[in-house]
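Here's the structure, in structure tokens; my notes come after.
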Amino acid sequence: MALDLSTADVYEQASVIGQDIEKIIDQYGHEAVLDLMPKVVRVLEELEILVSERENEKLEFAELKMENERLYLEIKKEASQRRKLDEELYSTQIDGEANNLKTMVAKLKEENKKLRMEYQASMNEKLTATYVSAPGDAEVMRRMKETIDSQREAIRLRNTEIDNQRSDIDAMEEQIDRLTNINESLRRNLSAKQTRIRMLAKEKAELQAEFKAFKLDLGKENIGLSESEELTGDIHDSYEQEDDGNELTELHQRNNSHKEEENNNGTHEKVASEVHEWEILENGENEEKVEWEEGRMDKSAPLDPNRPRYTKAELQEILNERNQLKEEVFFLKDELAYYRPKNEDEEQTPTAKSPKTSKKPSRREESGISKIFSIFNRK
Numbered sequence: 075m076a077l078d079l080s081t082a083d084v085y086e087q088a089s090v091i092g093q094d095i096e097k098i099i100d101q102y103g104h105e106a107v108l109d110l111m112p113k114v115v116r117v118l119e120e121l122e123i124l125v126s127e128r129e130n131e132k133l134e135f136a137e138l139k140m141e142n143e144r145l146y147l148e149i150k151k152e153a154s155q156r157r158k159l160d161e162e163l164y165s166t167q168i169d170g171e172a173n174n175l176k177t178m179v180a181k182l183k184e185e186n187k188k189l190r191m192e193y194q195a196s197m198n199e200k201l202t203a204t205y206v207s208a209p210g211d212a213e214v215m216r217r218m219k220e221t222i223d224s225q226r227e228a229i230r231l232r233n234t235e236i237d238n239q240r241s242d243i244d245a246m247e248e249q250i251d252r253l254t255n256i257n258e259s260l261r262r263n264l265s266a267k268q269t270r271i272r273m274l275a276k277e278k279a280e281l282q283a284e285f286k287a288f289k290l291d292l293g294k295e296n297i298g299l300s301e302s303e304e305l306t307g308d309i310h311d312s313y314e315q316e317d318d319g320n321e322l323t324e325l326h327q328r329n330n331s332h333k334e335e336e337n338n339n340g341t342h343e344k345v346a347s348e349v350h351e352w353e354i355l356e357n358g359e360n361e362e363k364v365e366w367e368e369g370r371m372d373k374s375a376p377l378d379p380n381r382p383r384y385t386k387a388e389l390q391e392i393l394n395e396r397n398q399l400k401e402e403v404f405f406l407k408d409e410l411a412y413y414r415p416k417n418e419d420e421e422q423t424p425t426a427k428s429p430k431t432s433k434k435p436s437r438r439e440e441s442g443i444s445k446i447f448s449i450f451n452r453k
């Protein structure tokens with residue numbers, strides 16, 4: 075019975091003891107069991123601890139038993155697999171040895187057959203030698219033997235020649251196959267090149283036709299240009315003042331619009347750079363016009379100090395460098411804004427966090443026996 079004791083049984087016995095103690099308290103008062111109560115509680119708690127430890131040991135023992143059974147099954151499985159592999163290896167070794175023995179037996183049979191044939195041939199020669207009685211027969215046999223030997227030698231030479239011719243034929247067949255493959259590849263390349271030549275010839279004809287048409291158009295444009303130069307020489311002075319006035323009004327309008335954008339968006343540097351860029355491009359585009367006008371002017375006239383001193387290509391290169399530097403400055407500003415500390419955001423967000431409630435250290439959990447006998451302590 076003690077071996078089958080569980081925690082529930084201990085609690086049941088503790089409740090029975092508690093009922094008996096209640097009866098004693100009802101009869102004789104609380105002082106009658108004042109010294110007995112702690113001892114009973116301590117004994118029951120020790121019994122509870124022992125029973126719970128025994129139950130835990132039972133569970134651990136059951137788990138260890140299951141683990142042992144699992145390991146035993148795994149070991150058994152591995153042993154069966156190892157046995158199967160050993161059997162397969164042994165069977166393969168036996169099969170290999172049997173095959174080797176079979177090949178050896180076949181070779182020995184062939185050698186035995188050759189030896190038997192040689193032995194029979196030697197026995198036949200001996201018999202023929204014994205049957206020869208007269209000297210004339212011996213001479214005939216000698217001549218026959220010589221002719222047979224010579225014929226054997228000739229047959230051997232013929233066989234070697236046939237083998238050599240066969241090897242030559244095989245080599246020639248391989249060479250023929252290789253040449254046919256090369257021929258096919260050359261044909262494919264030739265057809266591709268022919269199609270390419272036809273396409274190039276077609277493109278050449280189209281380009282020649284376009285070039286002829288371009289030459290005709292260019293001749294017409296040259297004729298029209300020569301006529302227009304004669305006309306522009308007369309009316310250039312009248313249009314010069316009008317063009318200057320239009321450019322000045324245009325620049326004034328652009329400056330006014332850019333100033334409005336500056337007031338609205340605060341980008342004065344960008345507007346000034348765009349106006350300066352437009353002026354440079356206008357000066358670069360009108361460079362040929364200015365040179366033509368200066369050629370018509372008198373050589374003794376004083377040169378304009380504000381005339382353009384750069385070519386159009388140089389101005390374009392300077393503008394490209396300026397745009398690249400602008401892009402680099404833009405990227406550097408972005409990086410600076412990214413790495414700059416955000417003090418305003420930190421001031422807006424509350425820094426002080428509410429302190430976490432500190433957890434009190436939990437007391438040791440009361441046992442079931444203490445909970446049962448806590449009723450008597452309250453009394």
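According to our numbering, the residues represented by the sequence shown are 75 to 453, in order.
Just so it is clear, CB atoms sit at the ideal spot from N, CA and C, and this is done for glycine as well.
All values derive from a computational prediction rather than experimental measurement.
If residue i sits next to residue j, beta carbons under 8 Å apart, how far is it from one beta carbon to the other, in whole angstroms?
{"i": "L118", "j": "A88", "result": "5 Å"}
{"i": "S165", "j": "E129", "result": "In fact, because the Cβ distance is near 54 Å, the residues do not count as touching under 8 Å."}
Do you know how far the Cα of residue j is from the Cα of residue i?
{"i": "L124", "j": "L159", "result": "51 Å"}
{"i": "I91", "j": "F135", "result": "32 Å"}
{"i": "R396", "j": "I297", "result": "41 Å"}
{"i": "I250", "j": "R230", "result": "30 Å"}
{"i": "R157", "j": "R144", "result": "20 Å"}
{"i": "E105", "j": "I99", "result": "8 Å"}
{"i": "E277", "j": "Q390", "result": "35 Å"}
{"i": "T234", "j": "R226", "result": "12 Å"}
{"i": "S265", "j": "L281", "result": "24 Å"}
{"i": "E247", "j": "I256", "result": "14 Å"}
{"i": "N173", "j": "E184", "result": "17 Å"}
{"i": "R272", "j": "R262", "result": "15 Å"}
{"i": "L163", "j": "E171", "result": "12 Å"}
{"i": "K187", "j": "Y193", "result": "10 Å"}
{"i": "Q239", "j": "K219", "result": "30 Å"}
{"i": "Y102", "j": "K113", "result": "19 Å"}
{"i": "L108", "j": "A82", "result": "26 Å"}
{"i": "Y146", "j": "L138", "result": "12 Å"}
{"i": "L175", "j": "Q167", "result": "12 Å"}
{"i": "L290", "j": "A275", "result": "23 Å"}
{"i": "L121", "j": "I149", "result": "41 Å"}
{"i": "L182", "j": "M191", "result": "14 Å"}
{"i": "R232", "j": "D244", "result": "18 Å"}
{"i": "A212", "j": "A195", "result": "18 Å"}
{"i": "K267", "j": "A287", "result": "30 Å"}
{"i": "L410", "j": "K400", "result": "15 Å"}
{"i": "F285", "j": "A279", "result": "10 Å"}
{"i": "G293", "j": "L299", "result": "10 Å"}
{"i": "D242", "j": "S224", "result": "27 Å"}
{"i": "T177", "j": "L189", "result": "18 Å"}
{"i": "Q155", "j": "E127", "result": "41 Å"}
{"i": "R216", "j": "A228", "result": "18 Å"}
{"i": "T269", "j": "L393", "result": "48 Å"}
{"i": "Q398", "j": "L406", "result": "12 Å"}
{"i": "E388", "j": "S259", "result": "54 Å"}
{"i": "M111", "j": "K151", "result": "59 Å"}
{"i": "I222", "j": "D237", "result": "22 Å"}
Would residue i be called buried (16 or more neighbouring beta carbons within 10 Å of its own) or exposed?
{"i": "V179", "result": "exposed"}
{"i": "I95", "result": "buried"}
{"i": "E359", "result": "Reliability fails at E359, whose pLDDT of 44 lies under 50, so the model's placement of it is uncertain and no value is given."}
{"i": "V115", "result": "buried"}
{"i": "V403", "result": "exposed"}
{"i": "V84", "result": "buried"}
(request) Only counting runs of 4 or more residues, tell me where the alpha helix (DSSP H) segments fall wholly within the region 159-191, in order along the chain. (result) Complete alpha helix (DSSP H) runs here, min 4: none at all.
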